[in-house]
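Visitor: What follows is a single structure, and I will ask about it in a moment.
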Amino acid sequence: MTAQVEFRNVTQRFGSTLALDDINLTIGAGDFAVLLGPSGCGKTTLLMILGGFLTPNEGRVLIGDSDVTERPARERPTTTMFQDYALFPHMSLGANVGFGLRMRGIGRVERDARARELLDLVGLGDTAKRMPHELSGGQRQRVALARALAVEPDVLLLDEPLGALDLKLRRRMQDELKQIQRRVGTTFVHVTHDQEEAMAIADRIIVMNQGMIEDEGEPEAIYLRPRTVFAAGFMGEINFLPGRVEASRENQLQLSTSLGELSLPRSAAPRFDPRAGAAVQICVRPEHFTVAAGAGWLELGSARVVDESFFGTHHRCHLAPERDPARTLVAHLPQSMRVAKGDAVALRIDPASVVVLPAADSPSPAHDSHGSDEV
Amino acid sequence: MRRLESAAVVTYLALLYGFIFLPVVILVLFSFQAGRFPIPPFNGPSLRWYAEVFADGRLTDALINSLLVALISSGVACLLGFLAAYALARYRLPGSGVQRALITAPLTVSYLIIGLGLLMTFNMVGVPRSLLTVGIGHVVINTPLCFAIIYAQIGEHQVNIERAARDLGASDWQVMSLVTAPMLAPGIVAAYFLSVTFSWDEFIIAFLLSRFDVTLPVEIWSLLRSGLNPKTNAVGSVVFLVSTVLVLVLEVTVFRRAARR
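Top to bottom, those sequences are chains A and B.
For the record, in the first sequence the residue sitting at position 66 is 70 according to this note's numbering, with numbers rising by one throughout.
For the record, in the second sequence the residue sitting at position 258 is 259 according to this note's numbering, with numbers rising by one throughout.
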């Protein structure tokens, strides 16, 4: 069972704070959608509104073709997997998983059979008689998933369900969640502040900030072609280079920056119309810097290595470009390269990898959002 | 010096525990007296007075009355206390702070005042004194206690669990009876047993509000009026034994289990 979800002009206020500001969003049936954003961005509020735990001040919520805005949680075709799992501590796992079916008046025999089936699905077969307090965090989480899926909801809501797990287990659960979602075909709406988790599981990511949607699309599109400076910074480490449009031609963009004149394809600014004289932010992911020469690549002069650390897959370096020594760029240089502090390297980028965004909204601190373990 | 200190500690503890438990020990000891007076010298042991207690129809009737009043009034007090605690913890009610204070206020009022007030009220309304009125009196004094114990057990961490139940299709009534109450079971059982022990040996309210059918403490009081007698010791020991058993059951079933979680 699966259904499309639609938010129409949803606004939510808490006192004088605007938690959600006129949200319009459609999530396709069977999608694994991730609401991604920092704490307080409104993602959990949106989930609570979808689950029926909160009625929005304005706007409508549709699941499938029916308007569910006024319907309480128990009458919605949604179930939720809570951050703290919220298992019933006094019931066996079988009774936990079968609870929703019990509320629907289904007999014990059928309930137990279905509960066993779902515990099997999440890899916990033969545990129906055990109690929640006998389980580890990861196991509890699976039970919570089985319980939410037992009633065959059209939409499953996941409220930061992996937040309490350690990194290794989290990676494994991400894979499992995705597999299970493929198998049952239910629409999943998952909330997280971890952009790596979002990329690992989502078909579609919705980046939120301050009650608004900053960007939405496939993980690759948001990472490589972000629509806003916030989305660019939140999806992973990125360098922002302020610049000015000198000329905008049909398929070419001429920019001036502290690292010199840059000539970029018009497609570097796909989502706005850069006019001559406009202030822009030029966004470059650390892995897009290269030291080797290539045809058509932009030369940014040489840079000095200020700091270097080896990350396994790459060297993460802080670079001070010669043309603007006060600026620090973060670059991921190839694993095989030998780099040391104080070295001078040539900086180049493939123009196709560069994104130009309007500078109207000030960039968020470029490196802050990379640490995904903020609460 | 160390020795002297530890001797002082031992003496202090002996005095303290002696002060607390000696009266009870003497009461229980002389209930096994073979002679006719509960005074030294002790000559026994003998179960003669226990046999007399259980042969005395008025005492056994009073004992059964006491049990009935304690078990039923505690059940009612627990139910009312739970409902009030759940409502005040989960819903936004007008003046909830004031309401909470009002519910717990009777804890600070003396049983004498409550008993007198109830007596006058029942007289005015025309309700005759009986075990029912005693039971009502015990509900009045135990509901605040049950409320306070259960209210303290309700926390924010259960909110999501109740939400999950609702999310899976439970009605408000089902959430309360299938999820909230079972989760609070340790607190509810503790409140119940404590309430039973309080009702079991409560005298003033039972005395003021009963007439022909009386509870055990009232019957013991009338026994005492005819002078000291090892029979009163025996029945007092029975009261003490029941209270002790209740406390032990409470300790083993509720607190041990709570500690395990």
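Quick reminder that beta carbons are idealized off the backbone N, C-alpha and C, glycines included.
Return helix, strand or coil for aspartate 372 of chain A, following the three-state DSSP convention.
Guide: Its pLDDT being 40, under 50, aspartate 372 of chain A is placed unreliably by the model, and nothing is read from it.
Visitor: Tell me whether proline 367 of chain A is buried or exposed, calling it buried when 16 or more other Cβ atoms sit within 10 Å of its Cβ.
Guide: Reliability of the predicted coordinates at proline 367 of chain A is poor, the pLDDT of 47 falling under 50, and no value is obtained from them.
Visitor: Identify the residues that DSSP records as bridge partners of asparagine 243 of chain A: which are they?
Guide: Paired residues: A/Val288.
Visitor: Compute the Euclidean distance between the alpha carbons of serine 238 of chain B and isoleucine 221 of chain B, then round it to the nearest angstrom.
Guide: Cα-Cα distance, rounded: 11 Å.
Visitor: Would you list the residues sitting across from glutamine 16 of chain A in a DSSP beta bridge?
Guide: Note: glutamine 16 of chain A sits in a beta bridge opposite A/Leu24.
Visitor: Assuming glycine 55 of chain A and threonine 82 of chain A form a contact by the criterion Cβ under 8 Å, report the distance between their Cβ atoms to the nearest whole angstrom.
Guide: Yes, they are in contact, since the Cβ atoms of glycine 55 of chain A and threonine 82 of chain A sit about 5 Å apart, within 8 Å.
Visitor: Would you mind stating whether threonine 6 of chain A and glycine 189 of chain A have Cβ atoms separated by less than 7 Å?
Guide: Yes, these two residues count as a Cβ contact at 7 Å.
Visitor: Give every residue of the same chain whose Cβ lies closer than 7 Å to the Cβ of leucine 125 of chain A, excluding the five residues on either side of it in the sequence, and list them in chain order.
Guide: Counting only Cβ-Cβ distances below 7 Å, and skipping sequence neighbours, we find Ala150 and Ile184.
Visitor: Quick check on threonine 261 of chain A: does DSSP put it in helix, strand or coil?
Guide: Of the three classes helix, strand and coil, the one that applies to threonine 261 of chain A here is strand, per DSSP.
Visitor: List, in order along the chain, the chain B residues whose C-beta lies closer than 8 Å to that of arginine 78 of chain A?
Guide: Ordered by position in chain B, the residues that pass the 8 Å Cβ test against arginine 78 of chain A are Arg167, Asp168, Leu169, Gly170, Ala171 and Ser172.
Visitor: Please classify isoleucine 65 of chain B as buried or exposed, where buried requires at least 16 neighbouring CB atoms within 10 angstroms.
Guide: The residue in question, isoleucine 65 of chain B, is exposed, as its Cβ has fewer than 16 Cβ neighbours within 10 Å.
Visitor: To the nearest angstrom, how far is the alpha carbon of aspartate 202 of chain B from that of proline 218 of chain B?
Guide: Cα to Cα, the separation comes out at about 6 Å.
Visitor: Applying a beta-carbon distance threshold of less than 8 Å, which residues of chain A neighbour glutamine 175 of chain B?
Guide: Here the neighbours are Met107.
Visitor: Hey, would you say asparagine 161 of chain B sits closer than 7 Å to alanine 154 of chain A, going by beta carbons?
Guide: No, Cβ-Cβ distance for asparagine 161 of chain B and alanine 154 of chain A is not below 7 Å.
Visitor: Under three-state DSSP, which class holds alanine 350 of chain A?
Guide: Alanine 350 of chain A falls in the strand class under three-state DSSP.
Visitor: So, at 8 Å on beta carbons, what are the nonlocal neighbours of serine 172 of chain B in its own chain, with the 5 sequence-adjacent residues on each side left out?
Guide: Once the five neighbours on either side are set aside, serine 172 of chain B has no close Cβ partner at all.
Visitor: Between the alpha carbons of aspartate 372 of chain A and glutamine 285 of chain A, how many angstroms are there, rounded?
Guide: Its pLDDT being 40, under 50, aspartate 372 of chain A is placed unreliably by the model, and the measurement read from it follows with that caveat. Roughly 17 Å between the two C-alpha positions.
Visitor: If you draw a straight line from the alpha carbon of glycine 142 of chain A to that of glycine 170 of chain B, how long is it in whole angstroms?
Guide: Distance between the alpha carbons of glycine 142 of chain A and glycine 170 of chain B is about 25 Å.
Visitor: Report yes or no: is there a C-beta of chain A within less than 7 Å of the C-beta of isoleucine 142 of chain B?
Guide: By this cut-off, isoleucine 142 of chain B is not an interface position.
Visitor: Using a beta-carbon distance below 7 Å, is glycine 68 of chain A in contact with chain B?
Guide: Glycine 68 of chain A does not count as touching chain B.
Visitor: Excluding the 5 residues preceding and the 5 following arginine 352 of chain A in the sequence, name in chain order all residues of the same chain whose CB lies nearer than 8 Å to its CB.
Guide: Phe293, Thr294, Val295, Ala296, Ala297, Gly298, Trp301, Leu302, Glu303 and Leu304, listed in sequence order.
Visitor: Between phenylalanine 31 of chain B and asparagine 100 of chain A, what straight-line distance do the alpha-carbon atoms span, to the nearest angstrom?
Guide: Going from the Cα of phenylalanine 31 of chain B to the Cα of asparagine 100 of chain A covers about 56 Å.
Visitor: Taking a cut of 7 Å between CB atoms, which residues from the region 90 to 118 of chain A lie near chain B?
Guide: Going along the region 90 to 118 of chain A in chain order, one finds Ala90, Phe92, Pro93, His94, Phe103, Gly104, Met107 and Arg108 with a Cβ nearer than 7 Å to chain B.
Visitor: Shorter than 7 Å from the beta carbon of methionine 184 of chain B to some beta carbon of chain A?
Guide: Answer yes: the Cβ-Cβ gap between methionine 184 of chain B and chain A drops below 7 Å somewhere.
Visitor: Under 9 Å Cβ-Cβ, which residues of chain A neighbour asparagine 124 of chain B?
Guide: Here the premise fails: no neighbours, minimum Cβ distance about 46 Å.
Visitor: Comparing C-alpha positions only, which one of B/Ser211, B/Ile115, B/Ala63 and B/Ala186 sits nearest to proline 93 of chain A?
Guide: Nearest option by C-alpha distance: B/Ala186.
Visitor: Please report the distance separating the alpha-carbon of proline 195 of chain A from that of aspartate 163 of chain A.
Guide: Per the sequence shown, the amino acid found at residue 195 of chain A is valine instead of proline. One C-alpha to the other measures close to 5 Å.
Visitor: Under 7 Å between C-beta atoms, does isoleucine 162 of chain B make it to chain A?
Guide: So yes, isoleucine 162 of chain B belongs to the interface.
Visitor: In or out: glycine 375 of chain A buried (at least 16 other Cβ within 10 Å) or exposed?
Guide: In this prediction, glycine 375 of chain A has a pLDDT of 38, which is less than 50 and means its spatial position is unreliable; nothing more can be read from the coordinates.
Visitor: Would you check if the region 264 to 278 of chain A and the region 313 to 321 of chain A touch, i.e. whether three or more CB-CB distances between them fall below 8 Å?
Guide: Contact between the region 313 to 321 of chain A and the region 264 to 278 of chain A is absent, because fewer than three Cβ pairs lie under 8 Å.
Visitor: Would you check if the distance between the CB atom of leucine 405 of chain A and the CB atom of isoleucine 210 of chain A is smaller than 7 Å?
Guide: In the structure as shown, chain A begins at 5 and stops at 379. Residue 405 of chain A is therefore absent and cannot be evaluated.
Visitor: At the 7 Å Cβ level, is threonine 83 of chain A part of the contact set with chain B, yes or no?
Guide: At least one chain B Cβ lies under 7 Å of threonine 83 of chain A.
Visitor: Is there at least one non-hydrogen atom of the ligand ATP closer than 6 Å to the beta-carbon of alanine 86 of chain B?
Guide: Within the structure as shown, the ligand ATP is missing, as the structure has no ligands at all.
Visitor: Valine 180 of chain B touches chain A at which residues, Cβ-Cβ below 7 Å?
Guide: Phe92, listed in chain order.
Visitor: So with Cβ pairs under 7 Å, would you call aspartate 88 of chain A a contact of chain B?
Guide: Yes, aspartate 88 of chain A lies at the interface with chain B (some Cβ there is under 7 Å from its Cβ).
Visitor: Can you round the beta-carbon distance between glycine 1 of chain B and isoleucine 115 of chain B to whole angstroms, since I take them to be within the 8 Å contact cut?
Guide: This structure leaves residue 1 of chain B out entirely; chain B is present only between 2 and 262.
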